[in-house]
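Have a look at the structure below, then the notes.
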Amino acid sequence: MGNADESLRNPPLLGTRLEAYTERVAPGESTIDRVRIAPLDGLRALALLAVFAFHTWEFAGSPEIPVVSEVVSQNIRPDFFVVLTGFLLYLPFARDAARHRAFKTGVYLRRRLRRIVFPYWAALIYAVTLPEVLVAYMRAIGHEASWQPTPGIVDLLTHFTFTHLFFEDYWDGVNGSLWTMSLEMQLYLLFPLLILVAARWGVPALLATMGVSVLFRVAVAILVAENTQFMWSASGVGRLMEFVTGMLTAVVVFTMLDRVRGWVLAALPAGVVGGYLVATLPALQHTVLPLRELGLSLMFSCFIVLVLAVPLLSRAVSLRPLTFVGYRAYSIFLIHQPTAWYFSELLKKVIGVPEGLELLGILWTVGFGVVFLVGWVLFVTVEKPCITWSQRAGAARPQSVFPV
């Protein structure tokens, strides 16, 4: 890793775009904030579409669709986001190992917090107020509607402080899909430690942190009561194996991508399929080992490399609609569940659409349009200004970050 610049040859697919991308990103900053690279935005969009498909499939009554239902029901999108987050955060360091020494924890944390906190808080307020507004509207037009329970002060406090995943009574309150925000915050806080480990001991140390995460999960499976295992398993340490896999994938992209051909290229689809089978086959799930997370780590790592190595796949995920959604994926994700849920309730209870394929078809088309529109408003009004604000963090001390 120490001589990454000397050994690097530009992968034909990404070429100077990836070089510029990592050159212009401050150490530790989310690479997606500075320079747009279409395949990476496309991957973010795919992760978002996976979570949207899962939740709307549930809202439509979990209709049976050959193959599709089996894949959608696995709900593998949190794992995709975790691997992708590790990949994006570590990409500048994978290109240039010298950036480890320039890393400033304070600047990094200011950038991260400015980038994610206010859109998340706005989404929490939206999730709390949306049902009340809808009830008032339905009553105003003469329909019956019941007021929804308002989250308690502790529920709100734990969510606003990203600590809700630590509490059995609150981890899925306010907005059930936002338990992942507590996980993401934990991973962001662990990242400086991982940078320190990687700077001193390199890739073997990152592999060792994966081993620590696996041992932690084994201990959870053995020692923790079954009803609370999820919270422990979904913690930053419990999912660290997936995050570090993303970091290692970034290393692979900058050291091997130009040599991915022949049998190596053929092995990547096998890794995607094999990882999925390890993660989902029922016969492999009755063990203390976290085979699901290990399998999905392999699957998504191979998938990312495959997309970047095969021009046809890269062009497919670089289509303008995907990249447009991918850039706004955070805002759309934050509001997708309550928006899609109440839209599905409107379709069922007001319009009379029955659960099943018809409802699912509407949710996957018109419903996504509604979700995208609300997410776009959040992006324009809150997230985009926060991106600009985050880029100014550390600007007064240019010596602490790479020029942008």
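Numbering-wise (the UniProt record's numbering), the sequence shown opens with residue 1 and increments by one. Ideal Cβ positions, reconstructed from N, Cα and C, are used throughout, including at glycine.
**Prompt:** Touch check for the region 68 to 78 and the region 363 to 375: three-plus C-beta pairs under 8 Å?
**Reply:** Output reads no: the region 363 to 375 does not touch the region 68 to 78.
**Prompt:** What are the uninterrupted segments assigned as alpha helix (DSSP H) that are 4 or more residues long and contained completely in the region 363 to 400, given in chain order?
**Reply:** Within the region 363 to 400, the runs of alpha helix (DSSP H) that reach at least 4 residues and sit entirely inside it are, in chain order, 368 to 378 and 384 to 391.
**Item:** 7 Å Cβ shell around residue 284 - same chain, five flanking residues per side excluded
**Value:** Indexing the sequence shown from 1 puts residue 284 at position 284. Excluding positions up to five away in sequence, the list reads 278 and 291.
**Distance, residue 234 Cα to residue 183 Cα** = The sequence position of residue 183 within the sequence shown is 183, counting from 1. The sequence position of residue 234 within the sequence shown is 234, counting from 1. CA-to-CA, the gap between residue 183 and residue 234 works out to about 7 Å.
**Message:** Can you tell me where the alpha helix (DSSP H) holding residue 79 begins and where it ends?
**Reply:** In the sequence shown, counting from the first residue as 1, residue 79 sits at position 79. Residues 77 to 95.
**Message:** Can you confirm whether the region 376 to 392 touches the region 115 to 123 when touching is taken to mean that 3 or more C-beta pairs between the two stretches lie within less than 8 Å?
**Reply:** Contact between the region 115 to 123 and the region 376 to 392 is present, because at least three Cβ pairs lie under 8 Å.
**Under the three-state DSSP convention, the category residue 158 falls into** = Within the sequence shown, residue 158 is the residue found at index 158, counting from 1. If DSSP states are grouped into helix, strand and coil, residue 158 belongs with the helices.
**Request:** Would you mind stating whether residue 47 and residue 80 have Cβ atoms separated by less than 7 Å?
**Result:** Taking the sequence shown and counting its residues from 1, one reaches residue 47 at position 47. Taking the sequence shown and counting its residues from 1, one reaches residue 80 at position 80. Contact: yes.
**Prompt:** Can we say the region 237 to 256 touches the region 88 to 99, given the rule of at least three CB pairs closer than 8 Å?
**Reply:** By the Cβ rule, the region 237 to 256 counts as touching the region 88 to 99, because three or more pairs are nearer than 8 Å.
**Item:** Unbroken alpha helix (DSSP H) run spanning residue 37, endpoints
**Value:** Mapped onto the sequence shown, residue 37 falls at position 37. Element bounds for residue 37: n/a, residue is neither H nor E.
**Asked** Which full runs of the alpha helix (DSSP H) of 4+ residues lie inside the region 324 to 351, going along the chain?
**Response** Restricted to the region 324 to 351, the alpha helix (DSSP H) segments that are unbroken, complete and at least 4 residues in length are 329 to 346, listed in chain order.
**Message:** Am I right that residue 337 and residue 55 are in contact with their C-beta atoms under 8 Å? What's the rounded C-beta distance?
**Reply:** Here the question's residue 337 lines up with position 337 in the sequence shown. Here the question's residue 55 lines up with position 55 in the sequence shown. About 6 Å; that satisfies the 8 Å criterion.
**Prompt:** Buried or exposed: where does residue 148 fall if 16 or more other Cβ atoms within 10 Å of its Cβ makes it buried?
**Reply:** Against the sequence shown, residue 148 aligns to sequence position 148. The residue is exposed, with fewer than 16 neighbouring Cβ atoms inside 10 Å.
**Request:** Would you check if there are 3 or more beta carbon pairs closer than 8 Å linking the region 287 to 306 to the region 229 to 247?
**Result:** The region 287 to 306 is in contact with the region 229 to 247.
**Neighbourhood of residue 82 by C-beta, 6 Å cutoff - its chain only, sequence neighbours within 5 removed** = Within the sequence shown, numbered from 1, the residue matching residue 82 stands at position 82. Closer than 6 Å at Cβ, skipping near neighbours: 239, 242 and 243.
**Item:** Neighbourhood of residue 220 by C-beta distance below 8 Å, restricted to the same chain and skipping five residues each side
**Value:** Residue 220 sits at position 220 when you count from the first residue of the sequence shown. So the list reads 229, 232, 233 and 238, once near-sequence residues are dropped.
**Distance between beta carbons of residue 248 and residue 206, contact taken as under 8 Å** = Position 206 of the sequence shown, counted from the first residue, corresponds to residue 206. Position 248 of the sequence shown, counted from the first residue, corresponds to residue 248. Indeed, because the Cβ distance is near 6 Å, the residues count as touching under 8 Å.
**Prompt:** Does the Cβ of residue 169 have 16 or more other Cβ atoms within 10 Å, making it buried, or fewer, making it exposed?
**Reply:** Working through the sequence shown from its first residue, we reach residue 169 at position 169. Residue 169 should be labelled exposed.
**Asked** Is it right to say residue 200 is buried, meaning 16 or more other beta carbons lie within 10 angstroms of its own, or is it exposed?
**Response** For the purposes of this step, residue 200 is identified with residue 200 of the sequence shown, where counting begins at 1. Its Cβ having fewer than 16 others within 10 Å, residue 200 is exposed.
**Prompt:** How would you label residue 351, buried or exposed, when you count the other beta carbons within 10 angstroms and need 16 or more for buried?
**Reply:** Looking up residue 351 in the sequence shown gives position 351. It counts as exposed.
**Prompt:** Per DSSP, what kind of secondary structure is residue 171 in: helix, strand or coil?
**Reply:** Taking the first residue of the sequence shown as 1, we reach residue 171 at position 171. Residue 171 falls in the coil class under three-state DSSP.
**Cut-off 6 Å between Cβ atoms - residues of its own chain near residue 63, not counting five sequence neighbours on either side** = Position 63 of the sequence shown, counted from the start, is the residue given in the question as residue 63. Shown here for residue 63: same chain residues with a beta carbon closer than 6 Å to its own, the five before and five after excluded, namely 356, 357 and 360 in chain order.
**Message:** Within the continuous alpha helix (DSSP H) that includes residue 405, where are the two ends?
**Reply:** The requested residue 405 is not part of the displayed model; the chain covers only 1 to 404.
**Asked** So is residue 27 buried or exposed if we call it buried at 16+ other beta carbons inside 10 Å?
**Response** Looking up residue 27 in the sequence shown gives position 27. Here the model assigns residue 27 a pLDDT of 48, short of 50, so the residue's position is not dependable and the matter cannot be decided.
**Prompt:** So, are the CB atoms of residue 317 and residue 39 less than 7 Å apart?
**Reply:** As a working note, residue 317 is residue 317 in the sequence shown. As a working note, residue 39 is residue 39 in the sequence shown. Going by C-beta atoms, residue 317 is nearer than 7 Å to residue 39.
**Residue interval of the alpha helix (DSSP H) (run including residue 147)** = In the sequence shown, residue 147 corresponds to position 147, counting from 1. Boundaries for residue 147: no alpha helix (DSSP H) harbours it, and the DSSP string shows neither H nor E there.
**Message:** So, for residue 236: in the same chain, excluding its five sequence neighbours on each side, which residues have a beta-carbon less than 6 Å away from its beta-carbon?
**Reply:** Numbered from 1 along the sequence shown, position 236 holds the residue referred to as residue 236. Cβ neighbours of residue 236 beyond the five flanking positions: 186, 187 and 190.
**Message:** Looking only at its chain, what residues have a beta carbon closer than 8 Å to the beta carbon of residue 218, apart from the 5 residues adjacent to it on each side?
**Reply:** Within the sequence shown, residue 218 is the residue found at index 218, counting from 1. Shown here for residue 218: same chain residues with a beta carbon closer than 8 Å to its own, the five before and five after excluded, namely 288, 289 and 290 in chain order.
**Message:** Within 10 Å of its beta-carbon, does residue 171 have 16 or more other beta-carbons around it, so buried, or fewer, so exposed?
**Reply:** Taking the first residue of the sequence shown as 1, we reach residue 171 at position 171. Here residue 171 is buried, its C-beta having at least 16 other C-beta atoms within 10 Å.
**Request:** Counting only the same chain and skipping the five closest in sequence on each side, list residues whose C-beta sits under 6 Å from that of residue 272.
**Result:** What you label residue 272 is simply residue 272 of the sequence shown in a count that begins at 1. Hits under 6 Å: 299, 302 and 303.
**Message:** Any heavy atom of the ligand FAD inside 6 Å of the beta-carbon of residue 287?
**Reply:** The model depicted lacks the ligand FAD and carries no ligand whatsoever.
**Outcome for residue 332 when other beta-carbon atoms lying within 10 angstroms are tallied against a minimum of 16** = Within the sequence shown, the letter at position 332 stands for residue 332. Of the residues assessed, residue 332 falls on the buried side of the cut-off, its CB having 16 or more other CB atoms within 10 angstroms.
**Asked** Between the C-alpha atoms of residue 311 and residue 50, what's the straight-line distance to the nearest angstrom?
**Response** Counting from 1 along the sequence shown, the entry for residue 311 is found at position 311. Counting from 1 along the sequence shown, the entry for residue 50 is found at position 50. Rounded to whole angstroms, residue 311 and residue 50 show a C-alpha spacing of 23 Å.
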